[in-house]
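Here's the structure, in structure tokens; my notes come after.
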Amino acid sequence: MEKSPRQKVVLTPGKNTENTSSSNKKILRRDMERQRRQEMANLNASLRSLLPLEYVKGKRSISDHMHEAVNYINHLQMKIQDLGTKRDELRNQSNMSACDSESGSSYKRSRHCVIVSPCMDGVEILISGGFKEGLLLSKVMEVLLEEGLGVHRCVSTKVNEGLLHTMNCKQVSDPTGFDLCGLRQKLWNAVTPSSR
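Residue numbering for the sequence shown follows full-length UniProt numbering, beginning at 1 and increasing consecutively.
Below, the structure written as structure tokens:
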């Protein structure tokens, strides 16, 4: 096409659209990369703000922050394990003292102890007893099924001259709740030697 006698402009449809498309792609890639870098910087700043001061010393690289975050997570995991061990020791001491301080002559004659406490999604049951009396877990399971509880986890541990059974149970029926004292009494009747 001729615009004026001095200027001649020739339009080729394929070449101009390719240049425009190529430059648009470059701009789009550049913007996406800038956005990705900005997002990574924000996430790194967020991670750094969560770390205690002893893990963030001065200006460091992103890889140093990641390494310190891993160290901090490992430290927290060790602390959780230590606290879990202490909790279990305290629970065992508390269970033994609860067994000793139970009122009623039938509780004092027997070495069995039953503790029922609510937990996040059901109940936790602790049953202790001596080796000589024995404990039929099948009787306990029958009581739990009658109450609409399913055993999620059961761990038996030897403590001194007896056994400690810890059961985590979930409600399988009637999610409105149940009587913890009544459940404890039924379990007590199931585990004491005189009731078997």
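A virtual CB, placed ideally from N, CA and C, is assigned to each residue, including glycine.
Assuming residue i and residue j are in contact, meaning their beta carbons sit under 8 Å apart, how far apart are those beta carbons, in whole angstroms?
| i | j | result |
| --- | --- | --- |
| Val-143 | Lys-186 | 5 Å |
| Leu-163 | Gly-129 | 6 Å |
| Met-141 | Val-151 | 7 Å |
| Asn-44 | His-65 | 6 Å |
| Val-191 | Ile-127 | 6 Å |
| Glu-33 | Leu-51 | Contact doesn't hold; Cβ gap of about 27 Å is too wide. |
Tell me whether residue i sits in a helix, a strand or coil according to DSSP, three-state version.
| i | result |
| --- | --- |
| Ser-23 | helix |
| Glu-124 | strand |
| residue 228 | The shown model of the chain, from 1 to 196, leaves out residue 228, and the question about it has no answer. |
| His-67 | helix |
| Asp-82 | helix |
| Ser-156 | strand |
| Ser-103 | Low per-residue confidence applies at Ser-103: pLDDT is 42, beneath 50, and the placement is therefore not dependable enough to give any value. |
| Lys-186 | helix |
| Leu-163 | strand |
| Ser-49 | helix |
| Ser-117 | strand |
| Leu-136 | coil |
| Val-151 | strand |
| Arg-109 | Only weak support exists for where Arg-109 lies, its pLDDT of 43 falling under 50; the coordinates are left without a value. |
Suppose the cutoff is 6 Å on Cβ atoms and the five residues either side in sequence are ignored; what does the same chain contact list for residue i look like?
| i | result |
| --- | --- |
| Leu-180 | Val-116 |
| Asp-121 | Lys-170 |
| Lys-86 | none |
| Lys-139 | Ala-190 |
Let me check understanding here. Comparing Cα to Cα, which of the options lies closest to residue i?
| i | options | result |
| --- | --- | --- |
| Met-40 | Ser-63, Glu-161 and Asp-121 | Ser-63 |
| Leu-149 | Ile-127, Ser-138, Glu-124 and Cys-169 | Cys-169 |
| Asp-88 | Lys-26, Val-56 and Thr-166 | Thr-166 |
| Cys-113 | Asn-189, Ser-22 and Cys-119 | Asn-189 |
| Ile-73 | Tyr-55, Leu-28, Cys-119 and Ser-23 | Tyr-55 |
| Arg-48 | Arg-29, Arg-60 and Ser-138 | Arg-60 |
| Val-123 | Asn-24, Arg-153 and Ile-80 | Arg-153 |
Apart from the five residues just before and just after residue i, which ones in its own chain have a Cβ nearer than 8 Å to its Cβ?
| i | result |
| --- | --- |
| Thr-20 | none |
Can a CB atom of chain B be found closer than 7 Å to the CB of residue i?
| i | result |
| --- | --- |
| Ile-62 | In summary, chain B is missing from the structure at hand, where a single protein chain is found. |
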